[in-house]
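The structure appears below as structure tokens.
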Ligand code: UD1
Ligand code: UDP
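Quick look at the structure:
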């Protein structure tokens, strides 16, 4: 039997963190010829992940531009990918999640009649403008793909309700596999800046905020609430590795800089980021990936968004949908800081998103799809994880 040629395409930091362990797994499997194409929708933040996982791209579209628009990203991927498809001749193209790289690579693959496999399929808010444009990107890829790797049973149900074509596998989220690499046994940081922080005598809050739907007034309210929390609670240390987007930097700088117990730092590499979260008291974020990682580390999360496509940890009680209003942010953070019982309830390690074996399941499913194996992977069972 012939090998199956698999091309994994990704471009941003979160896609890279979640696809790196899969690319490494595919590279180890007999029967799979695995190649990687990065669009570099993110340049520095992507390269940092590639370095952490010692992963090299076979193709690099190098598309990032300062203040790039969604149209810029979409058109550059659509223009760049055909030559790669021509050269790599994949039987299967894998994309991840909900970014504009994800959607445009899947569309390009469809135009070339190459089968699309969607990793992290089926997450939904059913609000087309929130998260924007990610909800639409992810739904459209659900139409384009014929292999759907849904992290959780709920994600798979969403896909079934929508009558997507093809096969659905419940795999767990590959981010939990990635954390096996990044957290490791040695908890030290490579960043000198982090090593110089006094993390033993202060309660650490890790903050991230970057989403498009939070641009403008929501970010203003979020940052003002964070500033006031820091000023009222001198025992806190709030560390915010700021996303490289100029819009985010322009919003955060004027409100948050110059306050002794708020550290605005450059983006961390994935290893330091995961280890920093592991040392935190709690996490405040609008990130998707961090909503999955922090529960695995037993860290409470206040989600700085109005909705989430990741309801599982909210149901488990370790993530709270705080929203983007000044008052709700102050109230939820103050409760965690002052009420030990409320804190203890949220600070439980739960893992509704994965068991660290998602990449193996996806590789197994690809081999079954290719007719190279009959070992259909057993679905990831979060109830087993939670019990
Ligand atoms: C993108 C994704 C979003 C994801 C986020 C992860 C889309 C539409 N959005 O949003 O789903 O949550 O990535 O972080 O795909 N920049 C750099 N260097 C970098 C990365 C970014 O300078 O390494 C700057 C560039 O000026 C770029 C800007 O950040 O124009 C925004 O990047 P872009 O990928 O367009 O949007 P994100 O907000 O990062
Ligand atoms: N992350 C990182 N360094 C940072 C901030 C975040 O490595 O300075 C990691 C984080 O742990 C998670 C991923 O980046 O694995 C999430 O990416 P992001 O928040 O940019 O995107 P989202 O998940 O919201 O799409």
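Numbering (this note's numbering), first residue to last: 15 to 401.
For each residue, glycine too, the CB sits at the ideal point set by N, CA and C.
From a predicted model like this one, the values you see are computed outputs, not experimental measurements.
In this structure, how does DSSP classify residue i when only helix, strand and coil are distinguished?
i: residue 236; result: helix
i: residue 182; result: strand
i: residue 296; result: strand
i: residue 303; result: helix
i: residue 129; result: strand
i: residue 328; result: helix
i: residue 229; result: coil
i: residue 110; result: strand
i: residue 285; result: helix
i: residue 255; result: strand
i: residue 278; result: strand
i: residue 121; result: helix
i: residue 318; result: coil
i: residue 311; result: coil
i: residue 137; result: coil
i: residue 243; result: helix
i: residue 386; result: coil
i: residue 401; result: In this prediction, residue 401 scores a pLDDT of 46, lower than 50, which makes its location untrustworthy; the coordinate-derived value is nonetheless stated afterwards. If DSSP states are grouped into helix, strand and coil, residue 401 belongs with coil.
Classify residue i as buried or exposed, calling it buried when 16 or more other Cβ atoms lie within 10 Å of its own Cβ.
i: residue 225; result: buried
i: residue 132; result: buried
i: residue 260; result: exposed
i: residue 142; result: exposed
i: residue 305; result: buried
i: residue 32; result: buried
i: residue 200; result: exposed
i: residue 101; result: exposed
i: residue 313; result: buried
i: residue 331; result: exposed
i: residue 390; result: exposed
i: residue 85; result: exposed
i: residue 53; result: buried
i: residue 268; result: exposed
i: residue 322; result: buried
i: residue 49; result: buried
i: residue 371; result: buried
i: residue 341; result: exposed
i: residue 235; result: buried
How close, in whole Å, do the beta carbons of residue i and residue j come, if the pair is a contact with beta carbons under 8 Å?
i: residue 25; j: residue 56; result: 6 Å
i: residue 66; j: residue 185; result: The Cβ separation is near 22 Å, so there is no contact.
i: residue 290; j: residue 315; result: Actually they are not in contact, since the Cβ atoms of residue 290 and residue 315 sit about 14 Å apart, beyond 8 Å.
i: residue 126; j: residue 96; result: 7 Å
i: residue 114; j: residue 88; result: 6 Å
i: residue 156; j: residue 136; result: 7 Å
i: residue 303; j: residue 128; result: Residue 303 to residue 128, Cβ: 27 Å. No contact.
i: residue 41; j: residue 191; result: Incorrect: roughly 14 Å between the Cβ atoms, too far for contact.
i: residue 20; j: residue 380; result: 7 Å
i: residue 154; j: residue 117; result: 6 Å
i: residue 297; j: residue 220; result: 5 Å
i: residue 145; j: residue 227; result: 6 Å
i: residue 106; j: residue 18; result: 6 Å
i: residue 266; j: residue 278; result: 7 Å
3-residue-minimum beta strand (DSSP E) runs that sit fully inside the stretch 17 to 77, ordered along the chain: 18 to 24, 46 to 52
Please specify which runs of the alpha helix (DSSP H), each continuous and at least 4 residues long, are wholly inside the stretch 143 to 222, giving them in chain order. 148 to 158, 167 to 175, 188 to 197, 206 to 209
Would you say the stretch 342 to 354 touches the stretch 164 to 180, given that touching needs at least three Cβ pairs under 8 Å? no
Go through the stretch 326 to 380 residue by residue and report every complete run of the alpha helix (DSSP H) that reaches 4 residues or more, in order. 326 to 330, 340 to 352, 354 to 360
Inter-stretch contact (C-beta, 8 Å, three-pair minimum) for the stretch 355 to 372 and the stretch 309 to 329: yes
Three or more beta-carbon pairs under 8 Å between the stretch 329 to 337 and the stretch 384 to 391, yes or no? no
When you compare the stretch 232 to 250 with the stretch 271 to 282, are there three or more beta-carbon pairs, one atom per stretch, that lie closer than 8 Å? yes
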